[in-house]
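Notes for the one structure printed next.
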Amino acid sequence: MDGTLLKFLVDASILFAPTRMTAFLCIDQNDALHLLRAMSNAHLSYDIRISNHNLDMRVSRENRHYVSFLLDLNCPEAITILRQANESALFVGPLKWLILQDLKDRKKQNDSYLDSVFGNLAIFPDSELVLAQRLDKNSTRLLSPYRPSPYHKLIIEEIGLWDLQNGVTLLNHDVSSRRRRNLANTPLKSCLVVTDPDTINHLTDYQDKHSDTITKTNYPWIMHLVRMMNATVTFSIANTWGYRSKNGSWSGMIGQLARGEIDIGGTATFFTAERIGVVQYISLYTPTRAKFIFRQPPLSFVSNVFTLPFRRSVWIAIGVFMILIFCLLHLTLKWEWFNTSAEERVRRHWSGNVYQPTMSDNLLILVGAVSQQGSSYEARAIPARIIILMLLVATLSLYASYTANIVALLQSTTDSITTLDDLLHSPLKIGVHDIVYNRYYFESFQDPIRKTIYEQKVAPKGRKSAWMNLEEGVSRLRQGLFAFHGELGSVYKIVQETFNEDEKCGFQEIDYLNVLDPLIAIQKESPYLEIIRIGALKIHENGLQTREIRRLYTKKPVCHKHASFVSVGLTECYAAFITLSYGTLIAFTIFILEIIWYKRGIVEDVVQPFDYVK
1 MDGTLLKFLV DASILFAPTR MTAFLCIDQN DALHLLRAMS NAHLSYDIRI SNHNLDMRVS
61 RENRHYVSFL LDLNCPEAIT ILRQANESAL FVGPLKWLIL QDLKDRKKQN DSYLDSVFGN
121 LAIFPDSELV LAQRLDKNST RLLSPYRPSP YHKLIIEEIG LWDLQNGVTL LNHDVSSRRR
181 RNLANTPLKS CLVVTDPDTI NHLTDYQDKH SDTITKTNYP WIMHLVRMMN ATVTFSIANT
241 WGYRSKNGSW SGMIGQLARG EIDIGGTATF FTAERIGVVQ YISLYTPTRA KFIFRQPPLS
301 FVSNVFTLPF RRSVWIAIGV FMILIFCLLH LTLKWEWFNT SAEERVRRHW SGNVYQPTMS
361 DNLLILVGAV SQQGSSYEAR AIPARIIILM LLVATLSLYA SYTANIVALL QSTTDSITTL
421 DDLLHSPLKI GVHDIVYNRY YFESFQDPIR KTIYEQKVAP KGRKSAWMNL EEGVSRLRQG
481 LFAFHGELGS VYKIVQETFN EDEKCGFQEI DYLNVLDPLI AIQKESPYLE IIRIGALKIH
541 ENGLQTREIR RLYTKKPVCH KHASFVSVGL TECYAAFITL SYGTLIAFTI FILEIIWYKR
601 GIVEDVVQPF DYVK
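Those letters in the sequence shown? Residues 1 to 614, per UniProt numbering, in order.
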């Protein structure tokens, strides 16, 4: 190994990021030591293999980004090593190869020889293979062979030159994914997930936006990507995104990607842990979410509106005030009675003050003032009248504030239902859009709250399940006291078309699936990964992504706060009826006790012996 080759290997390190290189060279021990010393001086790490016997060509996925290989094509075992590398899928990016070829042999200078060596290898657009052809002692030509697809012949790029004086001179500084984005009409395969058969007829005309919205959104993106790559595409149809079965196989679109039947998924799919090792995701997301949507129920359905007008501290203050008034009223009325003669009481018989006021009379005066009613007892003393006057003024102010708040509360909705636990224990009924991913995720969740919601409200044993189509769910959502789980854009599209303006207010959302926005998925270790990634970024930067989203997805309706009639039903008056019922029951009980007490008194009078006067 001469010094020129050592100088080239050091200079060629700029072609790769800092890596750990494994060299397959037909050199002796002394040359190997010279190479290691030169690489160490250049701060490069080399692992030199002199023979290919029992070579372990496996490379862990975690280390692929900094692993590269060096091979001397003039070695007798070079072709064998290339075949082993091909079988081990070592030409897949980001693995890098530097292959040395000395053109002293004229037979190896033509393209037919290169085609015979590399033509059947899996060297596709993602491959980072550099062929260094030594033209003479001091110059080397740098080539990069690849195939656009398994259906195409070998293409050889000339990427640069090297000479002893100037080092490496690159003819094109673009990365391989940019240089090789022209796939020369490579036939690609994709798959669309369709739940409504009529969707195939409306992929581009923006009709029935609520049906298979995500597929209609992603279809133009796939077509943009294909045109950017100068490729063609054929679509297959699947009725499910794809989930792992008990035997470990995958169904639907994910299954086709896992088996290599398609190159790119035509419908975005959720990013889940179990799919990470099966497919690769592209940062072309669709901002679609499926959540529980419901109109906020009236406040009276979750709270007693008769206790809400005042805070707890105000109620306590009112109670203390009433106790104070009761005590003062009792003292003043008692003082009034004892300072009045019998003759004066008789003259005032019309006023109803013939009997001495009792504790119950004082209580009735308080109740009458609070409820804006009169009292059967009329105070005569000035202190008592002042107390009653202050009581009436205070209760009048409280009554005005109380009734005003009651009217506002009857028109209010509650915001107390914000979590899945709140939804579980709320009076709301539940419905779920009967679509593939809802069925799968609702049945697979094992955390207590989600599992309880599914078992008690979605699919209760012995009762009708809550699975329904989109139209039925939105119709019941309009009636109120109903939470419907569906894709937000589809639900809001029907809401926008069918609801009145005043019915578009008060929508609340609760996330049940707890997943990220779905992403476009491609085949694992796809040779077009970087090309598609760059194309996806261009779609986003040029506004093509936003264009389809805005045209197909309906946002949450704007609430214009139009006044609407609010009827008061039994639910709103429930607490009042309960109070009236308990009061009636207590009154009737006391009435029965009084009758029993009265009859008992009559019996005692009859049984009591009389004294006869002789």
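All residues carry an ideal CB built from backbone N, CA and C; glycine is no exception.
Own chain partners of residue i with C-beta closer than 7 angstroms, once the 5 adjacent residues on each side are dropped
i: Asp212; result: Val194, Thr195, Asp196 and Thr199
i: Tyr492; result: Thr554, Lys555, Lys556 and Pro557
i: Val305; result: Leu299, Ile406, Leu409, Leu410 and Glu572
i: Gly167; result: Asp11
i: Val332; result: Residue identity differs from the one stated: residue 332 is Thr in this sequence, not Val. Contacts found: Ala381, Pro383, Ala384 and Ile387.
i: Ala78; result: Leu71 and Asp72
i: Gly368; result: Gly374 and Ser375
i: Leu513; result: Ala290 and Tyr441
i: Leu5; result: none
Residue i classed as buried or exposed, judged by whether at least 16 other C-beta atoms fall within 10 angstroms
i: Asn239; result: exposed
i: Ser40; result: exposed
i: Asn218; result: buried
i: Asn362; result: buried
i: Lys599; result: exposed
i: Glu530; result: buried
i: Ser68; result: buried
i: Ser283; result: exposed
i: Ile578; result: exposed
i: Thr498; result: exposed
i: Ile596; result: exposed
i: Gln373; result: exposed
i: Leu580; result: exposed
i: Asp13; result: In the sequence as presented, Asp is not what sits at residue 13; that position holds Ser. Buried is the call here.
i: Ile222; result: buried
i: Leu9; result: buried
i: His560; result: exposed
i: Phe591; result: exposed
i: Val458; result: buried
Proximity test, Cβ basis, 9 angstroms: residue i and chain D
i: Gly486; result: You won't find chain D in this structure, because it holds only one protein chain.
Nearest-angstrom Cβ-Cβ length linking residue i and residue j, presumed shorter than 8 angstroms
i: Tyr151; j: Pro518; result: Between Pro518 and Tyr151 the Cβ distance is about 31 angstroms, and since that is not below 8 angstroms, they are no contact.
i: Gly277; j: Leu192; result: Not a contact, Cβ separation roughly 24 angstroms.
i: Pro148; j: Leu183; result: 5 angstroms
i: Leu420; j: Arg450; result: 7 angstroms
i: Ser490; j: His210; result: 4 angstroms
i: Ile532; j: Ile522; result: 6 angstroms
i: His224; j: Ile539; result: 6 angstroms
i: Met253; j: Gly535; result: Their Cβ separation, rounded to whole angstroms, is 20 angstroms, which puts Met253 and Gly535 out of contact at 8 angstroms.
i: Ile520; j: Ala268; result: 5 angstroms
i: Met322; j: Leu364; result: No, Met322 and Leu364 are not in contact; Cβ-Cβ is about 13 angstroms, not under 8 angstroms.
i: Phe270; j: Val515; result: 5 angstroms
i: Glu487; j: Thr288; result: 6 angstroms
Proximal residues to residue i (C-beta, below 8 angstroms), its chain only, five neighbours per side dropped
i: Pro145; result: Leu114, Phe118, Ile123, Leu129, Leu131, Leu154, Ile155, Ile156 and Glu157
i: Val226; result: Leu188, Thr232 and Val233
i: Val302; result: Thr414, Ser416, Ile417, Ser426 and Pro427
i: Glu274; result: Arg244
i: Ile494; result: His210, Leu470, Glu471 and Val474
i: Gly601; result: none
i: Ala89; result: Ala122 and Glu525
i: Leu396; result: Gln372
DSSP beta-bridge partners of residue i
i: Leu366; result: DSSP, once it has assigned bridges, lists no residue as partnering Leu366.
i: Trp250; result: Arg244
i: Cys191; result: Ser236 and Gly265
i: Ile510; result: Phe292
i: Ser581; result: Partner(s): none; Ser581 has no beta bridge.
i: Arg134; result: Asp102 and Thr140
i: Glu129; result: Strictly speaking, residue 129 in this sequence is Leu, with Glu absent from that position. Looking at the DSSP assignment, Leu129 forms a beta bridge with Trp97.
i: His433; result: Met468
i: Ala146; result: One point to set straight first is that residue 146 is Tyr, not Ala, in the sequence displayed. DSSP output for Tyr146 lists Ile155 as bridge partner(s).
i: Val279; result: Gln523
Same chain, Cβ closer than 6 angstroms to residue i, neighbours up to 5 away in sequence not counted
i: Leu481; result: Pro297 and Leu428
i: Arg180; result: Pro125
i: Thr169; result: Gly160 and Leu161
i: residue 633; result: In the structure displayed, the chain extends from 1 to 614; residue 633 sits before or after that span and is not available.
i: Phe16; result: Ser68 and Lys96
i: Phe484; result: Ile293, Gly431, Gly473 and Leu477
Mind listing, in chain order, the continuous alpha helix (DSSP H) runs of no fewer than 4 residues lying wholly within the region 373-430? 382-410 and 420-424
Enumerate, from N- to C-terminal direction, the unbroken beta strand (DSSP E) stretches of 3 or more residues contained entirely within the region 459-501. 482-487
Length at least 3, wholly inside the region 281-346: the beta strand (DSSP E) runs in chain order: 290-295
List, from N- to C-terminal side, the beta strand (DSSP E) runs of 3 residues or more that fit wholly inside the region 150-230. 155-163, 167-170 and 186-193
Alpha helix (DSSP H) segments (min. 4 residues) lying fully within the region 516-573: 529-541 and 544-552
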